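Novice: One structure is given below, represented as structure tokens, and several questions about it will come after.
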Amino acid sequence: MSEPWSEDDGILREWAPLSRLLLEIPHTARRGIFLENVSLTCVDIIPEYIAVGTNIGVVYWYHRETHNLERLRPEKSGSSISCVKIVSTVDFMVAVGDKGGTVTIFRIPKPTSSFLPYNYKQTSNHQVERYTVGGLHTAPVTALEWSVNGQNLFSGDLLGLVVYTEIDFYMNLSKASEILNEKYCIVQLSFSHHCHILLVATEYRCILVHKNESWRVVQIGQKERRSLCHIGATFVHRPKQPLEPLVYSGRSGLRFWHADKQGVVHKTIIFKDAVRKTHPSIRLLNPLPVNTFVYEGDLGPLLVWKSCLLVTHNSSSLLILDLENTSVVASITGLNNLHSVAVSQDEIFIIAGSRSIMRLAYTPDNFRAEDKDLPMAFLELKVAPVADTLMDLSLKLKETASKFVNTQPSNAVNGMVGDQEIVSTAAEALELDLPPILSLESNAIEELTIQQDPKIQILDQIGKQSFEDIIYSTGKKVIKTNKRNLRTKNVSSLSISSELHSDSTNKNKVCNSSPSFSDNEHLLRASGDIPHMSLPQMKPDINISDKEPTSLVIPPGIYPDLRSPDTILKDLQDKEFRVAREYHLEDIWLNINEEKLIPDNYNDEGTFVAPELDIKSNPVSNDYKLLPEKVGVKDTSIVPTTDVISCHSYPEHPLIQEYFQQDDILEENVGWNKVACPEIALTLAVSNDYICITGPGMSVHYGILGENSLVWQKLSYKANELKMSPSADLVWKLDFGVASALTDEIMGLIGCKWELAARCVESVSLGQSVAWYVSGGKVYLQKGLNKTKPFTDSIPISCPIQVTKISCMEMMVLVLTLEHSIMWRCGITDKCEEGTHWRSINIPSSIQGEDITLGPKNTAWILDKSNRLYFSHNYTHDYSEWWQVKISNYTFENTSLCQLGSNSFSIWITNKASQFIFMNSSIIKGDRWSFAPITGTNKSTRWRQITAEGVFEDNGSLWLLSTTAELYHTMPDSYVLKSVVLPCHGEDVVILAAAPHTLWILTQLGHIYIRQGVGKTSPDGTKWRQLNLEQISTEVTFRHISCGSDVIWACDTKGDVYMVVGSPYEIATDIFSPAWVAVEGKPQSDTVFDKVFVSSETHMVWALDNKNNIYVREGIFPDFQLGTGWVVVSGVQALTLSVSGSAVWALSLDGSVFCRHGISQNNYIGNYWVQIFGSLSTLSASVSDDIWGVCDGALVSYSNKTINLKETLTGESDGNYKKMIDGWEIV
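Under UniProt numbering, the sequence shown is numbered contiguously, ending at residue 1227.
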């Protein structure tokens, strides 16, 4: 072949989707209190690795051969990654720049070659090193460039600053300094290692900076650019003249300057005519619309490819240019948001859109993941392999056609017409120089018989089947609860560093289990990763034989569909929606396609519309959430708001975090909905008819709540913050402390005449006829207001403490003080609108309020400094109760502080860093842990163990062991403690195991003592009896026991499990020793059982191994209580468990509390984990799901509260888990 890009080398194309890489990168990530979609922002490659930057401040480091994926996390993670650059030296050096101006360098060791002698191999634990360059760049980093040896890094930013960083590998030090400030955005950096010259391309000009001459600057050419344009420049090194590199600098109008290292321009190369000439197009798996090539805009950054070609791009097109011949080698046009391109010697990687990454090359990828390497759930869906099957068919056609091309007419090969355009549409179609068309006599035509491959015959049979019109199904599906045959989900960690964790698969280490096929299929569809493709099964009477020749005839006009599954799915959904809209069947379409995307969420005027939001008359149901979209962009999505997300992960390391995406942890969003905003909502205000937000540029948008769809409209005026009365008759705006009132209200919030209402205003709240505001820490009131008189003279209201926030609703006023306390105004009536005095509100000391509001149903709301949300329904009482609200499966984190808003029927909350807000107009649920009012002992007593398994509702006994090794008994409804003398030294007690009417104690030596005489007359019992263990071998020493209603389970120090049948109460009085039976079954490899737990329901037996993995016993029946085996339950690693009558409560490694829901006689494993607020050191659940725990040594009890905003009655549940989970739904 004469040229590496000639026809002989094949066609430059996208060979296969990077499915394995995209499957490993999560679709959503937690940022603050919300979930954010993960977008790909930049890419760089070397032959062995791919580095992909994301908008969540994480770089994914992907090994192309092993398909391992790791997360590289900068020290100041959170800012979107703007650029990434790799160099391969002794180690891999990865430079990362973000939009916050921070440059982070990762030094990743290379694995030692197996061919080296042992003496030369590194035996030390070589860890990943991280260097952070901060404090120099104050704007987003836009360009990075390495020296060849990886010791010098150059970085440029949006404001024109160039920073030089030196790295000393031996001293593990880095030194950074500013070398240049061009005042204009740095587009590209290129470094010549031989000449020690840095080429800097800015939007204004291109310069050469000589490193060895004290950073001497030489401009390329005599003139700067005529206008600012985002065009790059690069060195092209010549092997025979390494000290004389060529310089190519882009200019406007598709021109290049060819210069030398002294900046002297030798010639100008113009491509304006070349791009209009016919040239090859780069083939994509998802072809773009065929249009005449038009390269719109100027060039972009320049990348050297195959030593003599240049690759450049803008936001919609990509060009590969031959500068020697002034020709276009290949191109793509019509791309959507092409924003990153990287090249290696033979490959080009591009990122277009938010999650589309493509590999372009002349040959297939040598590292492509085989079917055996892909996740099992992905293989079972078999969506992408459909295209492979079609490619196989094309290959067979090509092989067959090549054999008979000399004997068959060109227009009848395989029954297809010899149209060049038709042939070129097949993925692997053979380009043949066909002979001329000849006319044949009828008797000369012979039937062509070809030996058929079984795969082709299968495909042919499938093609004859009758299919439904809709082949993709994304509807809701009920989880199957039969999980006897579970497959394991494998996760590994990177071996080169103890600080490195992995997202990838390791076949040697089993970490958790995933459900069977139906569950994996369900979960993948729920997360939106892979659409489900349903195909009818082949009839069983089809006989496929390799020996029997069959005729192979492909009907004309049938060509392989090489569109991606996502594209096919979207096309089907668009067609369905258009048909439904044409025949006015939108409601029916929505009911049938609850999880499908609804296109065209913009009206004819281009106004942003959040679909189907009726808050006033018909509050939004919990089935949907509205995702944020920018104004002017179509296809706003409606998706279910209850997601299956990760709730468990190992402790994070600042460098690389091990990432787990569990399949069975439910995010509870009961009542809460996401509402898309046209921009980030810095503040919000809500009336009964309107919602209003203000954006970063003081822009104001509002929407009408009473309509079927929430349509955002932009107002003509600007404001820092807007406030409204409940009826919106009063409208005030704040501009840097100046409060102005709208005096010419035309309609709603529309108007243009403002008059000064107050100065130095810090917070304001408008009632129906009053305005309460804070100025200088003092409270003021304006009363007697109406639509014609929106402001009047202010009346000072005395307050003993300085105030920061104020909120009013109807006849109630709340204030938040500078000391984070809250007060309410007493004595407010129609005749005394200013009230009489202030009273403090009792709130927990752990709550430090940052924002307050009065909400519907006479509730008060607090948002604290850590973005945790609380509400109270009895805040005016002396002993008010505050309930923590959970919008997601995690608590509010201290990122960007939120703001609250409310009206008479809904509560709203926004994050100042997000483009959407939460609202609730249906059900409010909150949790709380309360300290038990214990009497009968010293208040300083701290507790080590508790057991409540013998409690049912208000009956039974609660047993507590103090840290001073004293045993106490109390009734669950009194909390009056009574000391109980132990039969052994208190320090020897290992386990307290309770059952109705008895208590078992296990000591360190394996002795068991049983409390006798427990009953109504003597709830603490009368005496102790030591259990006879003669039936057990002397080599067996129990270390954990658990009592059920008619069975006891135990685990010994070797990890073996035992079971004895009999009531724990009756065994205490039996004369004979109980018969312990060894239980068959072992945990995962390299682990042993550590603890075993049994419920009052005999079929509920759970266990923990020494690595904190959770197991459940399967196959337990009334007539076979031993069970048949152990099954791993994924999602949570636990320190201890407590099994109630209907659920399993787990205490995770960090003290978090989880509950397993959905357990029954027929579903022993349950459905999912639900996280409960709180951090405990131990916990115990009663038979009736009352929960007690120990927090900081004190005894606490769990309760929850539900308020229905749609009804006048409220439902409350104290410690009843069954009521708490009503209304939850799995998607």
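We put the beta carbon where it would ideally sit given N, CA and C, even for glycine. These numbers were taken from a predicted model, which means no experiment stands behind them.
Alpha carbon to alpha carbon, how far is I450 from L285?
Specialist: Legend: pLDDT at I450 = 45, less than 50; position of this residue unreliable, no value from coordinates given.
Novice: Indicate whether the contact test is met: 3 or more Cβ pairs, each with one atom in the stretch 1175 to 1191 and one in the stretch 857 to 871, closer than 8 Å.
Specialist: These segments do not touch.
Novice: From this set, K277, T363, G353, R355, which residue's C-alpha is nearest S331's C-alpha?
Specialist: Of the listed residues, the one whose Cα sits closest to S331 is K277.
Novice: Would you decide whether I167 is buried or exposed? Buried here means 16 or more other CB atoms lie within 10 Å of its CB.
Specialist: Looking at its Cβ environment, which holds 16 or more other Cβ atoms inside 10 Å, I167 is buried.
Novice: Would you call the stretch 163 to 182 and the stretch 218 to 235 in contact, with 3 or more CB pairs under 8 Å?
Specialist: Flag = no, the stretch 163 to 182 and the stretch 218 to 235 do not touch.
Novice: Is L756 buried or exposed, if buried means 16 or more other CB atoms sit within 10 Å of its CB?
Specialist: Classification for L756: exposed.
Novice: For the putative contact between S765 and I828, defined by C-beta atoms under 8 Å, what is the C-beta separation to the nearest angstrom?
Specialist: Incorrect: roughly 13 Å between the Cβ atoms, too far for contact.
Novice: Starting from R20, trace the beta strand (DSSP E) both ways and give me its first and last residue.
Specialist: No beta strand (DSSP E) holds R20; the alpha helix (DSSP H) holding it covers 19 to 24.
Novice: Quick check: the Cα distance between I843 and L869, rounded to an integer number of angstroms?
Specialist: Cα-Cα distance, rounded: 13 Å.
Novice: Is the separation between the beta-carbon of L304 and that of T234 shorter than 7 Å?
Specialist: Strictly speaking, residue 304 in this sequence is Val, with Leu absent from that position. A contact, by the Cβ cut-off of 7 Å.
Novice: Taking its Cβ as the centre, do 16 or more other Cβ atoms sit within 10 Å of N1106, making it buried, or is it exposed?
Specialist: With fewer than 16 Cβ atoms within 10 Å of its Cβ, N1106 is classed as exposed.
Novice: Would you mind reading off the limits of the alpha helix (DSSP H) that contains P1064?
Specialist: Counting along the chain, the alpha helix (DSSP H) containing P1064 begins and ends at 1064 to 1067.
Novice: Three Cβ pairs or more, each shorter than 8 Å: is that satisfied between the stretch 75 to 89 and the stretch 147 to 166?
Specialist: They touch, by the three-pair rule.
Novice: Using C-beta distances below 6 Å, list every residue in its chain close to E833, excluding the 5 sequence neighbours before and after it, in chain order.
Specialist: Taken in chain order, the residues that qualify are V770, K783.
Novice: On the DSSP bridge list, what partners appear for L72?
Specialist: Per DSSP, V59.
Novice: Short of 6 Å in beta carbon distance, which residues of its chain neighbour L318, apart from the five on each side in sequence? Order them along the chain.
Specialist: Only I332 meet the Cβ criterion.
Novice: Output the distance between the C-alpha atoms of G10 and R283, rounded to the nearest integer angstrom.
Specialist: So the two alpha carbons sit approximately 11 Å from each other.
Novice: Can you tell me which residues form a DSSP beta bridge with D168?
Specialist: L173.
Novice: Should S1018 be labelled buried (16 or more other beta-carbon atoms within 10 Å of its own) or exposed?
Specialist: When all chains shown are included, S1018 counts as exposed.
Novice: What distance in whole Å lies between the Cβ atoms of L243 and C195, which are believed to be in contact at a cut-off of 8 Å?
Specialist: About 6 Å separates the two Cβ atoms, so the contact holds.
Novice: Buried or exposed, going by whether 16 or more other CB atoms sit within 10 Å of the CB of F1120?
Specialist: That one is exposed.
Novice: Do N903 and N688 count as a contact pair if the criterion is CB distance below 7 Å?
Specialist: Yes, Cβ-Cβ distance for N688 and N903 is below 7 Å.
Novice: Apply the 10 Å Cβ neighbour rule to E14 and answer buried if 16 or more other Cβ atoms are within range, or exposed otherwise.
Specialist: Buried: at least 16 other Cβ atoms inside 10 Å.
Novice: I'd like the span of the beta strand (DSSP E) that includes M811, first residue to last.
Specialist: Per DSSP, M811 belongs to no beta strand (DSSP E) and is neither H nor E.
Novice: What is the residue span of the beta strand (DSSP E) that N911 lies within?
Specialist: Taken as a continuous stretch (DSSP letters only), the beta strand (DSSP E) holding N911 covers 907 to 911.
Novice: Report the option in T138, S340, I357 whose CA atom is closest to the CA atom of R17.
Specialist: The sequence shown places Pro at residue 17, rather than the Arg named in the question. The candidate whose alpha carbon is nearest that of P17 is I357.
Novice: I need the boundaries of the beta strand (DSSP E) containing Q945, first residue and last residue.
Specialist: Where Q945 is concerned, the enclosing beta strand (DSSP E) stretches over 943 to 947.
Novice: Looking at A143 and L189, is the spacing between their C-beta atoms short of 7 Å?
Specialist: Yes, Cβ-Cβ distance for L189 and A143 is below 7 Å.
Novice: Compute the Euclidean distance between the alpha carbons of T326 and P239, then round it to the nearest angstrom.
Specialist: T326 and P239: Cα-Cα distance of roughly 21 Å.
Novice: By the three-class DSSP mapping on this structure, what secondary structure does P796 have?
Specialist: Looking at P796 - three-state DSSP - the assignment turns out to be strand.
Novice: Closest by CA to T963, which one among S1045, V989, A728, N181?
Specialist: Comparing Cα positions, the closest option is V989.
Novice: Quick check: what's the CA-CA separation for S740 versus L734?
Specialist: Going by the C-alpha atoms only, they are around 7 Å apart.
Novice: Measure the CB-CB distance between V103 and V59 and report whether it falls below 7 Å.
Specialist: In this structure, V59 does not lie closer than 7 Å to V103 by Cβ.
Novice: Excluding the 5 residues flanking G463 on each side, which residues of the same chain have their C-beta closer than 6 Å to its C-beta?
Specialist: Because G463 sits at a pLDDT of 49, beneath the cut-off of 50, its placement in the model cannot be relied upon, and the point is left open.
Novice: When the distance is taken between beta carbons, is G253 closer than 7 Å to L288?
Specialist: Cβ atoms of L288 and G253: not closer than 7 Å.
Novice: How many Å lie between W1102 and V38 at the Cα?
Specialist: Rounded to the nearest angstrom, the two C-alpha atoms are 37 Å apart.
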